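Visitor: Shown below is the structure under consideration.
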Amino acid sequence: MDNDEIKDYELDEDTLDEGSGYRVKLDSFEGPLDLLLHLIKRAKIRICDIFISDITGQFLEFIEKDIDSVDLDKASEFLGMAAYLLEIKAKALLPKPEVAQGESDEDDGSELIRRLEEYELYKSEMDKLKARETVDTFSRAPDLSVGDERTVLKDMTMEGLFEALKKLFERAEKRTLDTTPKAIARDPFTVEEKQEFIIKTLTEKSSVHFDQLFGEDATKSEIITTFQALLELMKLQFLTAKQEEVFGDIYLVRVGEESAATA
């Protein structure tokens with residue numbers, strides 16, 4: 001193993017865990033591609049072998065353990081990638097339709113592999129640029145006079161939201177157990193459209209149950225799109241999430257109407 005490979009496997013003190021020998025802190029990574037690339041290098045496999053390894057499971061496990069420490073912007077990205085990986089795995093279990101002559105048979109997995117390869121190249125080039133930086137740089141201390149607005153999670157955590165999201169995925173998974181071949185349609189909704197839906201819902205009623213935003217027939221793709229819209233509106237301080245007790249019901253409350261959380 002050469003010096004570059006050794007560097008790839010070096011871990012700082014924050015990532016070490018006496019019990020398991022290794023622990024990932026999501027906030028240490030720039031995004032989901034950064035984490036995936038790290039897991040691939042740690043497992044010493046090729047990028048193209050990602051889907052025949054246990055890396056997808058590791059990725060989901062690390063998100064579940066550490067999602068509460070990640071800010072909303074990053075949480076949305078990591079959860080989006082989690083849904084993307086789950087969708088690819090689900091598609092892999094379905095019969096593949098015959099590809100007409102002249103059409104591409106490239107699947108979502110190939111697209112992710114290409115993105116990872118491009119990101120690996122990007123990281124390599126960035127490391128080279130950082131190595132050339134001079135020591136004569138000017139740094140400015142952060143302006144502490146600027147207010148740091150944070151999303152309010154009343155009596156709950158991001159982990160609680162993630163658990164609720166997992167239940168929605170499990171519900172969607174049960175509907176896909178039917179072995180009848182089905183075409184998987186692309187998500188017809190956008191994050192912006194789901195934001196409008198949530199705003200309209202909370203304008204008509206100041207507080208709604210978390211599950212009310214997700215239809216009984218919602219696909220995994222629609223679930224994650226709605227969840228991303230929800231996180232964005234929380235970041236914008238339009239709504240808060242309230243949970244009276246651990247594993248209890250989650251209510252989404254329009255800011256300024258917190259007293260109506262159980263309406």
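Each residue of the sequence shown is one higher than the one before, counting from 1 in the numbering used here. Beta carbons: idealized from backbone N, C-alpha and C, even for Gly. Note that the structure is predicted; figures quoted are calculated from it, not measured.
Give the range of the beta strand (DSSP E) segment to which Ser207 is assigned.
Guide: Residue numbering aside, residue 207 sits at position 207 when the sequence shown is read from its first letter. Looking at the DSSP string, the run of the beta strand (DSSP E) that includes Ser207 is Ser207 to His209.
Visitor: Return the chain-ordered list of same chain residues with a C-beta closer than 8 Å to the C-beta of Thr151, the five sequence neighbours on each side being excluded.
Guide: The residue given as residue 151 occupies position 151 in the sequence shown. Its pLDDT being 42, under 50, Thr151 is placed unreliably by the model, and the measurement read from it follows with that caveat. Closer than 8 Å at the Cβ level, and outside the excluded window around Thr151, lie Leu72, Met234, Lys235, Gln237 and Thr240.
Visitor: Taking three-plus beta-carbon pairs below 8 Å as touching, is the region 215-225 in contact with the region 76-87?
Guide: Contact between the region 215-225 and the region 76-87 is present, because at least three Cβ pairs lie under 8 Å.
Visitor: Quick one: grab the DSSP three-state call for Gln243.
Guide: As a working note, residue 243 is residue 243 in the sequence shown. Strand at Gln243.
Visitor: In or out: His209 buried (at least 16 other Cβ within 10 Å) or exposed?
Guide: In the sequence shown, the residue the question calls residue 209 occupies position 209. The residue is exposed, with fewer than 16 neighbouring Cβ atoms inside 10 Å.
Visitor: Tell me whether Glu133 sits in a helix, a strand or coil according to DSSP, three-state version.
Guide: What you label residue 133 is simply residue 133 of the sequence shown in a count that begins at 1. In this prediction, Glu133 scores a pLDDT of 45, lower than 50, which makes its location untrustworthy; no coordinate-derived value is stated.
Visitor: Check the Cβ-Cβ distances between Ala218 and every residue of chain B, and say whether any is below 8 Å.
Guide: Going by chain labels, chain B is absent from the structure shown, which holds only one protein chain.
Visitor: Could you pull the DSSP bridge partners for Val191 from this structure?
Guide: Here residue 191 refers to the residue found at position 191 of the sequence shown. In the DSSP output, where bridge partners are listed per residue, Val191 has none listed.
Visitor: Is DSSP giving Arg46 helix, strand or coil here?
Guide: Within the sequence shown, numbered from 1, the residue matching residue 46 stands at position 46. Coil at Arg46, not helix or strand.
Visitor: Under a three-way DSSP split, which group does Leu252 fall into?
Guide: Here residue 252 refers to the residue found at position 252 of the sequence shown. Looking at Leu252 - three-state DSSP - the assignment turns out to be strand.
Visitor: Could you say which of Gly215, Glu111, Thr225 and Arg115 lies nearest to Lys31 if we only look at CA atoms?
Guide: Looking up residue 31 in the sequence shown gives position 31. Checking the sequence, you will find Gly at residue 31 rather than Lys. Gly31 has its Cα closest to that of Arg115, out of Gly215, Glu111, Thr225 and Arg115.
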